[in-house]
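Residue numbers (full-length UniProt numbering): 1 to 427. To start, the structure under review is shown below, and the notes come after it.
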């Protein structure tokens, strides 16, 4: 009813001179308001006929009240009341303004030349790592009588590097054509990479502790059956590495953000993705980097300090040099990646505020530092060959046994004393 009275007031306010055109507009408004009410067309026709008749019969200046519009019959008002409920509604709306700080950051793609370079880089690492670590394994294995616990740990470290190198052809292909190997291989390759990473850092920690026991706590080292214990330690390391690599089973193949290529990466349930990612990252940082680093730094510090204060320490420092280089190479290769992943973890956990430029910079850094970490799989054999004088001599002996090198003067027999054990087969 309120709509009808509003229409009536508007008509009364106007003064016209028998303006049929204006009145026809008003009556056409009535037609619009009751359109679709076919059962009430008779009422509409009657009201329009009544109004038109009054206009044609009027004369001179007159007001709309003279037209007696207010005397429209009650059935006309009932017509409006029947559709009023349909027209009377309330529309609530809220204005939404996009906050650029909360929007997903845009994707960044490396140029094709960069991706091809990375692909070639991975292939070269693979070609160096496989034969290099196989040679290390052969040299250590063929000197079982003089093998020390550190040698046994280095042998297992070579196996871990081989496992990492085996995954490189898959990653090389993925950076150019995307992940085309399916979900199954995505999980297997990711687990192997994680297993290699954790076992490598744990074996390096074992080597560090063994060097500490031999040099700083020599008497206890003599009493203990360290070689037999090293077998159990290695089995425990592989078991721990396998357990820590299980989150790699969450990896799967899915389209990238721009839907151009498939990628192999972690994919969690969206409802619990942040919690899973944060927990696995904390586990990775703590057990895979911070805790081993907290053990290695003081152990090597005390060991080197002890070597500087004992007779013949300089000769033994030369033996320690290979171990220091091996640990240093691991830190140089993997520390940048860990720092970058920690930064990414802080961003995702909203511990550190960030904007899109910082987010994209971290993503690019993770890609670059991961490539540097993969380089570690071929570095150790190079270090043994160039730094380990005893390793080169042992390698020559192996080549003679295999007929790859002419037999020369007999090599010096290996001493079985503790001093010889400090140097080990490789160093």
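All C-beta atoms, glycine included, are put in the ideal place defined by N, C-alpha and C. A quick note: this is a predicted structure, and the numbers were derived from the prediction, not measured.
Across the structure, residue 379 and residue 329 are spaced so that their CA atoms are roughly 7 Å apart.
No residue range can be given for residue 349, since it is assigned to no alpha helix (DSSP H) and is classified by DSSP as neither H nor E. Bridge pairing for residue 255: 262 [DSSP].
Judged by DSSP in its simplified three-state form, residue 342 adopts helix. In this chain, the alpha helix (DSSP H) harbouring residue 371 covers 356-374. Assigned with DSSP and collapsed to three states, residue 193 falls in helix.
Excluding the 5 residues flanking it on each side, residue 192 has same chain C-beta neighbours closer than 6 Å at 163 and 167, in chain order.
Ranked by Cα distance from residue 274, the options 263, 351, 322 and 150 are led by 351. Where residue 234 is concerned, the enclosing alpha helix (DSSP H) starts and stops at 226-244. With fewer than 16 other Cβ atoms from the protein chains shown falling within 10 Å of its own Cβ, residue 294 counts as exposed. For residue 334, the secondary structure class from DSSP, reduced to helix, strand or coil, is helix. Per DSSP, reduced to three states, the secondary structure at residue 181 is coil, with no helix or strand assignment. Around the beta carbon of residue 233, 16 or more other beta carbons sit within 10 angstroms, so the residue counts as buried.
Where residue 133 is concerned, the enclosing alpha helix (DSSP H) starts and stops at 112-141. One alpha carbon belongs to residue 242, the other to residue 265, and they sit about 18 Å apart. For residue 216, the three-state secondary structure derived from DSSP is coil. One alpha carbon belongs to residue 390, the other to residue 249, and they sit about 41 Å apart. In the DSSP annotation of this structure, the continuous segment of the alpha helix (DSSP H) that includes residue 279 starts and ends at 273-285.
Looking from the CA of residue 375, the closest CA among 112, 111, 110 and 118 belongs to 118. Per DSSP, residue 267 lies in no alpha helix (DSSP H) and is assigned neither H nor E. With respect to residue 245, residue 185 sits apart: the two C-beta atoms are not nearer than 8 Å.
Residue 247: not part of any alpha helix (DSSP H); DSSP gives it neither H nor E.
Burial state of residue 160 is buried, judged by a 10 Å Cβ sphere holding 16 or more other Cβ atoms. When secondary structure is reduced to three states using DSSP, residue 167 falls in the coil class, being assigned neither helix nor strand. Remark: C-beta atoms of residue 115 and residue 175 approach each other more closely than 8 Å.
Assigned with DSSP and collapsed to three states, residue 310 falls in coil, not helix or strand.
With contacts defined as CB atoms closer than 8 Å, residue 130 and residue 165 qualify as a contacting pair. The DSSP-derived three-state label of residue 399 is helix. A distance below 8 Å between beta-carbons, with the five flanking residues on each side excluded, links residue 347 to the following residues of its chain, in chain order: 354, 358, 359 and 362.
By the Cβ test, the segment 334-346 is not in contact with the segment 126-144, since fewer than three Cβ pairs between them sit closer than 8 Å. In summary, residue 386 is exposed, with fewer than 16 beta-carbon neighbours lying within 10 Å of its beta-carbon over all protein chains present. Its chain contains 387 as the residues whose beta carbon lies nearer than 7 Å to that of residue 321, once the 5 sequence neighbours on both sides are disregarded; these appear in chain order.
DSSP places residue 147 in the coil class of the three-state scheme, outside both helix and strand.
Nearest Cα to residue 285 within the set 383, 260, 145 and 197: 197.
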